[in-house]
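Down below is the structure, laid out as structure tokens.
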Amino acid sequence: MSTTMISVPTELHLAKRMSRLGTESAFEVLVRARALEKQGKHIVHLEIGEPDFDTPKNIVDAAVSALHMGYTHYGPSAGLPDLREAIAEDVSRSRGVKFTPEEVVVVPGGKPIIFFTLLALVEEGDEVIYPNPGFPIYESMINFLAAKAVPIPLHEERDFRLDVDELASRITDRTKLIIINSPQNPTGGVLTKNDIYDIAAAIGDRNLMVLSDEIYCRLLFEGEPFSISAVEGMKDRTIILDGFSKTYAMTGWRMGYGVMRADLATHIARLMTNSNSCTASFTQMAGIEAIRGDQTATERMRLKFQRRRDVFVNGINRIKGFSCRLPKGAFYTFPNITQTGWPSKKLADALLDEAGVAALSGTAFGAFGEGYLRFSVANSVENIEIALDRIDQWAKKNL
Ligand SMILES: Cc1ncc(COP(=O)(O)O)c(C=O)c1O
Numbered sequence: 497m498s499t500t501m502i503s504v505p506t507e508l509h510l511a512k513r514m515s516r517l518g519t520e521s522a523f524e525v526l527v528r529a530r531a532l533e534k535q536g537k538h539i540v541h542l543e544i545g546e547p548d549f550d551t552p553k554n555i556v557d558a559a560v561s562a563l564h565m566g567y568t569h570y571g572p573s574a575g576l577p578d579l580r581e582a583i584a585e586d587v588s589r590s591r592g593v594k595f596t597p598e599e600v601v602v603v604p605g606g607k608p609i610i611f612f613t614l615l616a617l618v619e620e621g622d623e624v625i626y627p628n629p630g631f632p633i634y635e636s637m638i639n640f641l642a643a644k645a646v647p648i649p650l651h652e653e654r655d656f657r658l659d660v661d662e663l664a665s666r667i668t669d670r671t672k673l674i675i676i677n678s679p680q681n682p683t684g685g686v687l688t689k690n691d692i693y694d695i696a697a698a699i700g701d702r703n704l705m706v707l708s709d710e711i712y713c714r715l716l717f718e719g720e721p722f723s724i725s726a727v728e729g730m731k732d733r734t735i736i737l738d739g740f741s742k743t744y745a746m747t748g749w750r751m752g753y754g755v756m757r758a759d760l761a762t763h764i765a766r767l768m769t770n771s772n773s774c775t776a777s778f779t780q781m782a783g784i785e786a787i788r789g790d791q792t793a794t795e796r797m798r799l800k801f802q803r804r805r806d807v808f809v810n811g812i813n814r815i816k817g818f819s820c821r822l823p824k825g826a827f828y829t830f831p832n833i834t835q836t837g838w839p840s841k842k843l844a845d846a847l848l849d850e851a852g853v854a855a856l857s858g859t860a861f862g863a864f865g866e867g868y869l870r871f872s873v874a875n876s877v878e879n880i881e882i883a884l885d886r887i888d889q890w891a892k893k894n895l
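Note that the sequence shown covers residues 497 to 895 in my numbering.
Here is the structure:
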């Protein structure tokens, strides 16, 4: 038997690409807030992007039954056929476009669709246009793949809808993918049907694809959702990202899906084979119940988010230095804080440390988020009122 001892400690040599990987600071703020709570401070959590409701009981029951029925094994990488069929039916109905199960890939959350789409379509040096402020994972993953991140700024005076002329001016021969997100995180902005037609017209006959992040499509407070996949000629150019996390309060279950042309779906499924094998089988059985079962809980949650949004926006607009538009979708508000004279990150830190209110700096969503904070309204009206009162007291003392 060899007795060689290794005595030199190993140095960690990370691959260069790791230095280009970003993060989602909501999780970091949550950790800081929890640390303050451990010291005995009371914190109102308005930082995190997940429904505060529990998953509806019919969905939980379906998962438990599936476990007892033996859905504890590997399944097909693209998802269980019955769930793919349920999703295809549901998305066909809600988007007004016919999709087949072969065009659906089930993955563990909405996030992997961002990762897999970029991996499958984007080469080093290709350009990807994405909203800024926007979900930070877009920029992080574009940079990670050494593609060129081309931000499209969202403007408050347009209710945070992107300006299609600005978009058109950023499309070049190197543009491979355009990412759109409506209803939007972090602003709550919603693209109109006209905006979406104009985006499709700006793309024209170009051979580029659109990743349409529609994860908040059921959390809309006015009008009907409209998907770019419904514009003539766009179905084959669109990857729809959707999932269960927000609509059915299932963030911890990790289940989402992409809907795309079948020839791309087979490649995304191959990425699943190589990374996760499949999404958890019993979770997928619960997904069928979520889609086909009673939808009243989803509607109840939507109405609660709307009421909380109204309470928060009315309240924050009365506080010195803050002004906030009424978001039309999702469960986020994005008040302008430039009148406070404070930079966003510093203000977010001060509100957490001194007022006990956790929010995110607009800059957590990209450089164009400076001048804003994001407050999630995924908390009770009582807690939102406590937060408003604390911010008001803080502003009276410090501004
Ligand atoms: C715009 C957007 N897309 C995708 C996701 C990812 O959702 P999931 O938790 O299902 O991965 C989120 C979650 O916050 C989001 O805000």
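Idealized CB from N, CA, C, for every residue including glycine.
Quantities reported herein were computed from a predicted structural model and do not represent experimental measurements.
Query, Result
"Complete alpha helix (DSSP H) runs within the stretch 646-699 (minimum length 4 residues, chain order)", "660-666 and 689-699"
"Nearest-angstrom beta carbon gap, N628 and I609 [assumed within contact, 8 Å]", "That belief does not hold up - the Cβ atoms of I609 and N628 are roughly 20 Å apart, past 8 Å."
"Exposed unless 16 or more other CB atoms sit within 10 angstroms - verdict on T506", "exposed"
"Straight-line gap, D709 to S725 (C-alpha atoms, nearest Å)", "11 Å"
"8 Å Cβ cutoff met for V807 and T829", "no"
"Bounding residues of the alpha helix (DSSP H) (the contiguous stretch that carries D759)", "A758 to S771"
"Same chain, Cβ closer than 7 Å to K742, five either side skipped, listed in chain order", "P547, I711, Y712 and L715"
"Exposure label - A883; buried when at least 16 CB within 10 Å", "buried"
"DSSP three-state assignment for F640, whether helix, strand or coil", "helix"
"Between the CA atoms of V618 and S771 - distance to the nearest angstrom", "18 Å"
"Beta-bridge pairing of I736 - partner residues as DSSP gives them", "S708 and V755"
"Opening and closing residue of the alpha helix (DSSP H) in which R821 lies", "Run containing R821: none; DSSP gives neither H nor E here."
"beta-carbon R747 near ligand 1 non-hydrogen atom, thresh 7 Å", "Checking the displayed sequence, the identity of residue 747 turns out to be Thr instead of Arg. At least one heavy atom of ligand 1 is nearer than 7 Å to the Cβ of T747, so yes."
"D461 beta carbon near ligand 1 (any heavy atom closer than 7 Å)", "Only positions 497 to 895 of the chain appear in this structure, which leaves residue 461 out of reach."
"Residues that H541 bridges to, as DSSP identifies them", "A854"
"The stretch 536-546 touching the stretch 652-666, judged by at least three CB pairs closer than 8 Å", "no"
"Rounded Cβ spacing between G801 and V873 (contact assumed at less than 8 Å)", "Residue identity check: residue 801 is Phe in the sequence provided, not Gly. Yes, F801 and V873 are in contact; Cβ-Cβ is about 6 Å, under 8 Å."
"Contact belief for P597 with R580 at Cβ below 8 Å, rounded distance in angstroms", "4 Å"
"Whole-angstrom C-beta distance between A844 and L869, which should lie under 8 Å", "6 Å"
"Nearest residue (CA-CA) to G621, options A582, G606, R670 and S665", "R670"
"Option nearest E520 by Cα separation, candidates W838, H763, P632 and L767", "P632"
"C-beta contact flag for M781 and Y567 at 8 Å", "yes"
"Inter-residue spacing [alpha-carbon to alpha-carbon] between I787 and P682", "26 Å"
"Cβ-heavy atom distance, G606 to ligand 1, below 7 Å", "yes"
"G518: CB within 7 Å of a non-hydrogen atom of ligand 1", "no"
"Cutoff 8 Å: G837 Cβ touching any chain D Cβ", "As a matter of chain content, chain D is missing from the structure shown, which is built from one protein chain."
"Closer than 7 Å: I711 CB and nearest ligand 1 heavy atom", "yes"
"Residues bridged to V527 [DSSP beta-bridge criterion]", "According to DSSP, which records beta bridges pairwise, V527 is partnered with nothing at all."
"Whether F717 touches G825 by CB criterion (8 Å)", "yes"
"Collapsed DSSP secondary structure at V724 in the structure displayed", "The residue asked about is misnamed: residue 724 is Ile in this sequence, not Val. Three-state DSSP puts I724 in a helix."
"Check: L631 C-beta below 7 Å from any heavy atom of ligand 1", "Checking the sequence shown, residue 631 turns out to be Phe, not Leu. Yes."
"C-alpha distance - I812 paired with G858, whole-angstrom precision", "16 Å"
"Pair within 8 Å by beta-carbon distance, V706 and R803", "no"
"Chain-order list of residues whose beta-carbon lies under 7 Å from that of L563 (same chain, five-residue window excluded)", "F778"
"Contact belief for I667 with A698 at Cβ below 8 Å, rounded distance in angstroms", "7 Å"
"Span of the alpha helix (DSSP H), counted from its first residue to its last, around F778", "S777 to R788"
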